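Engineer: So that we are looking at the same thing, I have put the structure below in structure tokens.
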Amino acid sequence: MAKTLLEVEGLKKYFPVKSGVFKRTVGFVHAVDDVSFSVSERETFALVGESGCGKSTTGRSILRILEPTQGKVIFDGENILSCSTEQMRKKRKDMQLIFQNPYSSLNPRMTVRMLLSEPLETHFNLSSKEVQDKVAWMLEEVGLAREHLDRYPHQFSGGQRQRISIARALITEPRFVVADEPVSALDVSIQSQILNLLMKLQRDMNLTYVFISHDLNVVRHISSNVGVMYLGQIVEKGETENLYERPLHPYTKALLSAVPSKDPLNKKKRIILQGDVPSPVNPPKGCPFHLRCDKVFGPCSSSRPELKEVEPGHHVACHLY
Numbered sequence: 003m004a005k006t007l008l009e010v011e012g013l014k015k016y017f018p019v020k021s022g023v024f025k026r027t028v029g030f031v032h033a034v035d036d037v038s039f040s041v042s043e044r045e046t047f048a049l050v051g052e053s054g055c056g057k058s059t060t061g062r063s064i065l066r067i068l069e070p071t072q073g074k075v076i077f078d079g080e081n082i083l084s085c086s087t088e089q090m091r092k093k094r095k096d097m098q099l100i101f102q103n104p105y106s107s108l109n110p111r112m113t114v115r116m117l118l119s120e121p122l123e124t125h126f127n128l129s130s131k132e133v134q135d136k137v138a139w140m141l142e143e144v145g146l147a148r149e150h151l152d153r154y155p156h157q158f159s160g161g162q163r164q165r166i167s168i169a170r171a172l173i174t175e176p177r178f179v180v181a182d183e184p185v186s187a188l189d190v191s192i193q194s195q196i197l198n199l200l201m202k203l204q205r206d207m208n209l210t211y212v213f214i215s216h217d218l219n220v221v222r223h224i225s226s227n228v229g230v231m232y233l234g235q236i237v238e239k240g241e242t243e244n245l246y247e248r249p250l251h252p253y254t255k256a257l258l259s260a261v262p263s264k265d266p267l268n269k270k271k272r273i274i275l276q277g278d279v280p281s282p283v284n285p286p287k288g289c290p291f292h293l294r295c296d297k298v299f300g301p302c303s304s305s306r307p308e309l310k311e312v313e314p315g316h317h318v319a320c321h322l323y
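Under this note's numbering, the first residue of the sequence shown is numbered 3, with each subsequent residue one higher.
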């Protein structure tokens, strides 16, 4: 059985809402509200859900790009939220982030050589030749050539830019990577190439991923386990194929009903959710989904359901179970 590399326990991230002349705090945006999950070594755990549900904030809070409000992030047996700035800086080489948009995440004034050399010079004491050799090796690993080293980001296509972003994240040979919607800004024809590249690099470099996406077909292709998020909370999680074949939470069922069927003769009944997502500034009492749920009954509006295991490895936060 694979060793657990990452454990997230009760993670919360609240952003203050300020108002008035004196900018007093008048409330909080509950962006991430009590999220817990674990990821084993060399596994891909996916976070899915509608835009604004807290997926990206969760990923950035795990890496402490955003400081969590509360909770624990245990990486390789150590709670990194208790690490000092210097201790965290040393851990950065083992925990990396692939950004969603390669257009904005790459410095336009730096060549590819400079972009890939910078992490090595920051984290390792290498000679100039060792740095250049590793930069050239990493560039070839992501499918680009040495002749690309002295070009600038604007001279590449979107897919090539994302390959450079992946190379920059992986050049320190990290153990854990948060991939924040790494293919959503790309053409569909390029998406499959980047996904296959990420899977190849995972095998070759023994990587562990938290993969963030709203594309359920992409998630099914790349992940081994899935967590479904709604209004800052995980409402269902489990092994990917089991969750896709037997969704339990009404929200998960609605999401999966929108995925086009591979068989054109097998038309699925589409579940249309009523109403809008509630405000994370003032989330509803009880189950966060009860205002839009067609299965709502007594306790849904008064008590928040716990995320509990209802089948082996399959957890759901719903009063129906």
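Glycine included, every Cβ here is placed at the ideal spot set by N, Cα and C. Note that this is a predicted model, so its numbers are computed, not measured.
#1: At what residue ranges does the stretch 43-119 contain a whole run of the alpha helix (DSSP H), taking only runs of 4 or more?
#2: Label serine 63 either buried or exposed according to how many other C-beta atoms from any shown protein chain fall within 10 Å of its C-beta, with 16 as the threshold for buried.
#3: Going by beta-carbon coordinates alone, are leucine 233 and proline 290 separated by less than 7 Å?
#4: Does phenylalanine 299 come within less than 7 Å of chain B when only Cβ atoms are used?
#5: Ordered along the chain, which non-local residues of its own chain (more than five positions away) have a Cβ less than 7 Å from that of glycine 145?
#6: Might you give, ordered along the chain, the residues of its own chain that have their beta carbon closer than 7 Å to the beta carbon of lysine 270, omitting 5 neighbours on each side?
#7: Give me the DSSP bridge partner(s) of histidine 317.
#8: Going straight from the alpha carbon of serine 119 to that of arginine 91, what length do you get?
#9: Have a look at Val298, Phe299, His321 and flag the residue whose alpha-carbon is nearest the alpha-carbon of leucine 309.
#10: Please find out if some non-hydrogen atom of the ligand SAH comes closer than 6 Å to the beta-carbon of valine 50.
#11: Compute the distance between the beta-carbons of glycine 326 and alanine 33, then report whether it is under 7 Å.
#12: Which residue from Leu245, Asn219, Val237, Ile236 puts its Cα closest to that of asparagine 227?
#13: Can you give, in chain order, each stretch of the alpha helix (DSSP H) that sits fully within the stretch 175-214 and has at least 4 residues?
#14: Between the C-alpha atoms of proline 280 and glycine 54, what's the straight-line distance to the nearest angstrom?
#15: With DSSP as the reference, identify every bridge partner of serine 21, one or two as the case may be.
#16: Determine whether the beta carbon atoms of arginine 44 and threonine 210 lie at a separation below 7 Å.
#17: Less than 7 Å between the C-beta atoms of valine 41 and leucine 8, yes or no?
#18: Apart from the five residues just before and just after asparagine 208, which ones in its own chain have a Cβ nearer than 6 Å to its Cβ?
#19: Could you check which residue in Ser167, Lys202, Ala171, His216 has the C-alpha nearest to that of serine 186?
Structural biologist: Concretely, from the data shown:
#1: 57-64, 87-93, 104-107
#2: buried
#3: yes
#4: The structure shown contains no chain B, having only a single protein chain.
#5: Arg165, Leu199
#6: Ser259, Ser263
#7: Lys239, Glu311
#8: 17 Å
#9: His321
#10: No copy of the ligand SAH appears in this structure; indeed no ligand is present at all.
#11: This structure cannot speak to residue 326, because the chain is shown only from 3 to 323.
#12: Leu245
#13: 190-207
#14: 11 Å
#15: Arg26
#16: yes
#17: yes
#18: Arg44
#19: His216
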